[in-house]
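The sequence shown runs contiguously to residue 385 in the numbering used here. Ideal Cβ placement from N, Cα and C applies to all residues, glycine included. Quantities reported herein were computed from a predicted structural model and do not represent experimental measurements. One structure is given below, encoded as structure tokens.
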Amino acid sequence: MTIANRSLTNERVRKIPASGIRRFFDMVSGVEGSISLGVGEPDFVTPDRFRQAAIRSIDEGHTHYTSNYGIRELRDAIARHTERLRGLRYDAATEILVTVGVSEAVDLALRATLNEGDEVIIADPSYVAYVPGIVLAGGVPVPVATDEANEFRLLPRDVERAITPRTRAILLGFPNNPTGGVLTAADVAGIATVARDHDLLVYSDEIYDRLVYGTEHRSIVAEPGMKERSVYLAGFSKSYAMTGWRVGYACAPAEVIEQMMKIHQYAVMCVPTAAQYAAIEALRSGEPEVQRMVAEYDRRRKRMWERFNGMGLPAFEPRGAFYCFPNITSTGLGDEEFAARLFREEKVVVVPGSAFGERGTGHVRACYATSMERIDEACDRIERFVKRIR
Ligand code: PLP
């Protein structure tokens, strides 16, 4: 629509597509008998203790705005947690900002640090919000291909090759959505060296940091000389089964947090108060819950991975997050068509890999954060579908 030949909307926003995941999320609603492996969220309900803490906070009348940075008790808890987990010490007064999920933290980090035309290196494929987030902040995304043969790790030599005089930052999202790839210690050290050598900023989205299986997640921020040039992003959605609460956080040098806080302050003021109380409880008592859920994801991961390979859709063993990323090219269908037909014919939702970048083409993402029964039923249907079209 236009008024006097002018569009009502912003050109930059118009150019970015809506999320390729959301489309599949909306597909299932109201379709009886459908099974969604489409959306990346835990099937577990938020553990009771966390829910009770939020209810208690409301009953006690904690119904007002909090500090723009987040409740001090929560920031203190985040500081302790980050030190225990990653050996990183952040000042709760100036270096931590509680955000509306990691989604807001990513957006704020990009907007607070990028200038027009700055290039940001990202792994291809990677999380759907990175490219639009960079574009909206005036930056230029520079995808660096990752490869199945290397378990979709981002290799330091490939990062180095992508550097130009305009490169400003590297945005890392590992463990990776959609591939389940995890970086090795050597990858992390190598990328840190590239960042230091070329004086780059690093945004490290570690939302899946606790969801690793038979391996260790290493934070690039803990590498020598990296804390000063990094924005560490983490949250509660995945590890604590708290997607609907919308709590995440950013830890960074005070000068970066201060700029991020200004945008956050003007856009949203603060994270909903009750949700912050639930997050405090998650950090206080949630460790056994995290371990229980990770053990269950691990069982499901093995099942789904074996099932895909068993039906001739090769998938590398995912070591992190909660996704399998099988290669579907042997079916002769493109990933968009595969996903569309699978839904139409068998009512199973998966996300086409191309929604996550060019290198995702020929794959689909299937989330195993759902019950074993549903995984089995979905895999039976996918197997039937694959046999039929071959
Ligand atoms: N980062 C990655 C890599 C994700 O996969 C997601 C959600 O799927 C997010 C960030 C957003 O998480 P939140 O719920 O904390 O906003």
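Problem set entry | Minimum C-alpha distance to residue 136 - residue among 222, 143, 118, 196 | When only C-alpha atoms are compared, the closest one is 118.
Exercise. In angstroms, rounded to a whole number, what distance separates the CA positions of residue 30 and residue 232?
Worked result: Cα-Cα distance, rounded: 21 Å.
Exercise. Are the segment 321 to 329 and the segment 350 to 359 touching by the rule of at least three beta carbon pairs closer than 8 Å?
Worked result: Between the segment 321 to 329 and the segment 350 to 359, the count of Cβ pairs shorter than 8 Å is three or higher; the stretches touch.
For this session: Kindly indicate which three-state DSSP category residue 155 falls into: helix, strand or coil?
Result: Helix at residue 155.
Problem set entry | Residue nearest to residue 51 in terms of C-alpha spacing, selected from 268, 378, 261, 341 | The option with the nearest alpha carbon to residue 51 is 268.
Exercise. How is residue 414 classed by DSSP in three states: helix, strand or coil?
Worked result: The requested residue 414 does not occur in the structure, where the chain is confined to residues -4 to 385.
Problem set entry | Classification of residue 115 by the beta-carbon crowding that lies within 10 angstroms, buried from 16 upward | By the 10 Å Cβ count, residue 115 comes out buried.
Problem set entry | Identified DSSP bridge partners for residue 170 | Beta-bridge partners of residue 170 (DSSP): none assigned.
Problem set entry | Beta-carbon contacts of residue 334 that lie in its chain and below 8 Å, excluding the five residues immediately before and after | Result list for residue 334: 19, 344, 345, 346, 347, 359, in chain order.
Exercise. Nearest-angstrom Cα distance between residue 311 and residue 188?
Worked result: Those two C-alpha atoms are separated by around 28 Å.
Exercise. Nearest to residue 168 by alpha carbon, out of 200, 368, 255?
Worked result: The candidate whose alpha carbon is nearest that of residue 168 is 200.
Exercise. If we ignore side chains and look at the alpha-carbon of each, how far apart do residue 181 and residue 41 end up?
Worked result: About 35 Å.
Exercise. In chain order, what are the residues with a CB under 6 Å from some non-hydrogen atom of the ligand PLP?
Worked result: By the rule of a C-beta closer than 6 Å to any heavy atom of the ligand PLP, the residues picked out are 35, 96, 97, 98, 122, 168, 172, 200, 202, 230, 232, 238, 243.
Problem set entry | Closer than 8 Å to chain B by CB, residue 158 | Absent from the structure is chain B; it holds one protein chain and no more.
For this session: Identify every residue that forms a DSSP beta bridge with residue 181.
Result: Residue pairing by DSSP places residue 181 in no beta bridge whatsoever.
Problem set entry | Reduced DSSP category for residue 96 - H, G, I as helix; E, B as strand; rest coil | Secondary structure of residue 96 (DSSP, three-state): helix.
Exercise. Between which two residues does the alpha helix (DSSP H) containing residue 290 stretch?
Worked result: Where residue 290 is concerned, the enclosing alpha helix (DSSP H) starts and stops at 282 to 305.
Problem set entry | Best match in 147, 145, 107 for proximity to residue 132 [C-alpha to C-alpha] | Ranked by Cα distance from residue 132, the first of 147, 145, 107 is 107.
Problem set entry | Simplified DSSP assignment, three categories, for residue 127 | If DSSP states are grouped into helix, strand and coil, residue 127 belongs with the helices.
Exercise. Relative to the C-alpha of residue 435, which residue among 223, 124, 94, 33 is closest?
Worked result: A question about residue 435 goes unanswered here, because the residues of the chain that appear run from -4 up to 385.
Problem set entry | residue 322, DSSP secondary structure in three states | Assigned with DSSP and collapsed to three states, residue 322 falls in strand.
Exercise. Helix, strand or coil: which one does DSSP assign to residue 32?
Worked result: The answer is coil: DSSP assigns residue 32 none of H, G, I, E or B.
Exercise. Near residue 113, what residues of its chain come up, given a Cβ to Cβ distance below 6 Å and the 5 sequence neighbours on each side ignored?
Worked result: Answer for residue 113: 134, 163, listed in chain order.
For this session: Return the first residue and the last residue of the alpha helix (DSSP H) that residue 6 is part of.
Result: For residue 6, the enclosing alpha helix (DSSP H) stretches over residues 6 to 10.
Exercise. Should residue 223 go down as buried or exposed, given a rule of 16 or more other Cβ atoms within 10 Å for buried?
Worked result: By the neighbour-count rule (16 or more Cβ atoms within 10 Å), residue 223 is not buried but exposed.
For this session: Going by DSSP, name the residue or residues bridged to residue 243.
Result: Its beta-bridge partners are 94, 230.
For this session: Return helix, strand or coil for residue 225, following the three-state DSSP convention.
Result: The answer is strand: DSSP assigns residue 225 an E or B state.
For this session: Can you give me the Cβ contacts of residue 127 inside the same chain, cut-off strictly under 7 Å, excluding the 5 residues immediately before and after it?
Result: So the qualifying residues of the chain are 11.
For this session: Return the residue from the list 228, 370, 380, 76 that minimises the CA-CA distance to residue 99.
Result: The shortest Cα separation from residue 99 among 228, 370, 380, 76 belongs to 228.
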